[in-house]
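Visitor: To start, I am sharing the structure in question, which I have written as structure tokens.
In the numbering used here, the protein residues as written are 2 to 226.
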């Protein structure tokens, strides 16, 4: 497919997660990524050949100039991604959040993927799992059958969810962690790297270890990346 026939796309975020998302988009080949939006980078800074066009405050002029209404929010922090997505939707009601899936990922035909979710290289989403909008299924993450991920939650590289796991809104499942089947993890919780989750975890906590234990409470907007 030639780039002229691809739909134009703006990516919000030019950091490490943005780079991984760009790699997924370029491998998938459905969109022509015309630029990046990032207030922390200088205009002209490039990620995998794609230039930063400006920051969030420049977006109205950029959208008007390019006539581009497809966007992907490539911000790794779940709270920040949720907040940015909300602001974009309020400012541009006709915006379309795309859903990139790397060609090497395996997604069951019976699974559901919400708008603005990304599925990275080597990830697996099994039968009848429901991934709500704005989620991250990162590199080689495994989501087994009948799982539910609430909006703007994330499963980090190498993490594994057993069947029927429920992950709350904006919750982050850390690198290489494992969650046993039929467990629920509350909203705004962070599960640390390498955790072995063998019982349910409440909302708004930081939990880690093997077996995984609650270590402290946390605020929803507390940085964890």
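A virtual CB, placed ideally from N, CA and C, is assigned to each residue, including glycine.
This structure is a prediction, so every number in the text was calculated from the model and none was measured.
#1: Using C-beta distances below 7 Å, list every residue in its chain close to residue 3, excluding the 5 sequence neighbours before and after it, in chain order.
#2: Taking the alpha carbon of residue 158 as the reference point, which residue from 171, 179, 112 has its own alpha carbon closest?
#3: Thinking residue 203 and residue 215 are a contact (beta carbons under 8 Å), I'd like their distance in whole angstroms, please.
#4: How many angstroms separate the CA atom of residue 20 from the CA atom of residue 72?
#5: For a quick check, are the C-beta atoms of residue 60 and residue 36 less than 8 Å apart?
#6: Near residue 45, what residues of its chain come up, given a Cβ to Cβ distance below 7 Å and the 5 sequence neighbours on each side ignored?
#7: Specify whether the stretch 121-136 and the stretch 147-164 touch according to this definition: at least 3 beta carbon pairs, one from each stretch, less than 8 Å apart.
#8: Going by DSSP in three states, residue 182 sits in which element: helix, strand or coil?
#9: Beta-carbon within less than 6 Å of residue 209's beta-carbon, same chain only, minus the 5 sequence neighbours each way: which residues are those?
#10: When burial is assigned at 16 or more other CB atoms within 10 Å of the CB, is residue 101 buried or exposed?
#11: Which two residues bound the contiguous beta strand (DSSP E) that contains residue 10?
#12: Could you say which of 217, 218, 25 lies nearest to residue 118 if we only look at CA atoms?
#13: Should residue 155 and residue 169 be called a contact, given that it needs their Cβ atoms to be closer than 8 Å?
#14: Have a look at the DSSP bridge pairing and note the partners of residue 33.
#15: Looking at residue 39 and residue 56, is the spacing between their C-beta atoms short of 8 Å?
#16: Does at least one heavy atom of the ligand MN sit under 7 Å from the Cβ of residue 202?
#17: I believe residue 189 touches residue 200 by the beta-carbon criterion, under 8 Å. Please report the beta-carbon distance rounded to the nearest angstrom.
#18: Can you look up residue 203 in the DSSP assignment and give me helix, strand or coil?
#19: Thinking C-beta only, is residue 106 closer than 8 Å to residue 122?
#20: Can you tell me the Cα-Cα spacing of residue 62 and residue 135, whole angstroms?
#21: For residue 198, which residues of its own chain have a beta-carbon under 8 Å away from its beta-carbon, when the five flanking residues on both sides are left out?
#22: Have a look at residue 139 and residue 222 and give me their C-alpha separation to the nearest angstrom.
#23: Any idea if residue 42 is buried or exposed, counting beta-carbon neighbours within 10 angstroms, 16 or more meaning buried?
Guide: So, to answer that:
#1: Taking the first residue of the chain shown as 1, we reach residue 3 at position 2. Per-residue confidence for residue 3 stands at a pLDDT of 46, beneath the threshold of 50, marking its modelled position as unreliable; no derived number is given.
#2: By 1-based counting over the chain shown, the position of residue 158 is 157. The candidate whose alpha carbon is nearest that of residue 158 is 179.
#3: In the chain shown, the residue the question calls residue 203 occupies position 202. In the chain shown, the residue the question calls residue 215 occupies position 214. The C-beta distance from residue 203 to residue 215 rounds to 7 Å, short enough to fall under 8 Å.
#4: Start at 1 with the first residue of the chain shown, and residue 20 comes out as number 19. Start at 1 with the first residue of the chain shown, and residue 72 comes out as number 71. Residue 20 and residue 72: Cα-Cα distance of roughly 15 Å.
#5: Taking the chain shown and counting its residues from 1, one reaches residue 60 at position 59. Taking the chain shown and counting its residues from 1, one reaches residue 36 at position 35. Taking 8 Å as the Cβ cut-off, residue 60 and residue 36 do not qualify as a contacting pair.
#6: Taking the chain shown and counting its residues from 1, the one referred to as residue 45 is at position 44. The residues are 52, 53.
#7: Three or more beta-carbon pairs separated by less than 8 Å link the stretch 121-136 to the stretch 147-164, which places the two stretches in contact.
#8: As a working note, residue 182 is residue 181 in the chain shown. Three-state DSSP puts residue 182 in coil, outside helix and strand.
#9: On the chain shown, residue 209 is found 208 positions in, with the first residue counted as 1. Residues 193, 196 of the same chain have their beta carbon placed closer than 6 Å to that of residue 209, with the five preceding and five following residues left out of the count.
#10: Counted from its first residue, the chain shown places residue 101 at position 100. Looking at its Cβ environment, which holds 16 or more other Cβ atoms inside 10 Å, residue 101 is buried.
#11: Taking the chain shown and counting its residues from 1, one reaches residue 10 at position 9. First-last of the beta strand (DSSP E) with residue 10: 8-13.
#12: What you label residue 118 is simply residue 117 of the chain shown in a count that begins at 1. Measuring from the Cα of residue 118, the nearest candidate turns out to be 25.
#13: Looking up residue 155 in the chain shown gives position 154. Looking up residue 169 in the chain shown gives position 168. No.
#14: In the chain shown, counting from the first residue as 1, residue 33 sits at position 32. According to DSSP, residue 33 bridges with 9.
#15: Taking the chain shown and counting its residues from 1, the one referred to as residue 56 is at position 55. Taking the chain shown and counting its residues from 1, the one referred to as residue 39 is at position 38. Yes, the pair counts as a contact, with Cβ atoms nearer than the cut-off.
#16: Among the ligands in the structure shown, none appear at all, so the ligand MN cannot be discussed.
#17: Numbered from 1 along the chain shown, position 188 holds the residue referred to as residue 189. Numbered from 1 along the chain shown, position 199 holds the residue referred to as residue 200. Between residue 200 and residue 189 the Cβ distance is about 19 Å, and since that is not below 8 Å, they are no contact.
#18: Looking up residue 203 in the chain shown gives position 202. Here residue 203 sits in coil by DSSP.
#19: Here the question's residue 122 lines up with position 121 in the chain shown. Here the question's residue 106 lines up with position 105 in the chain shown. In this structure, residue 122 lies near residue 106, with their beta-carbon atoms less than 8 Å apart.
#20: Taking the chain shown and counting its residues from 1, one reaches residue 62 at position 61. Taking the chain shown and counting its residues from 1, one reaches residue 135 at position 134. If I take the Cα positions, the gap works out to 25 Å.
#21: As a working mapping, residue 198 is identified with position 197 in the chain shown. Here the set comprises 178, 179, 180, 181, 184, 186, 192, 208, 212, 213.
#22: Locating residue 139 in the chain shown gives position 138, where the first residue counts as 1. Locating residue 222 in the chain shown gives position 221, where the first residue counts as 1. The alpha-carbon of residue 139 is positioned some 21 Å away from that of residue 222.
#23: For the purposes of this step, residue 42 is taken as residue 41 along the chain shown, with counting starting at 1. When all chains shown are included, residue 42 counts as buried.
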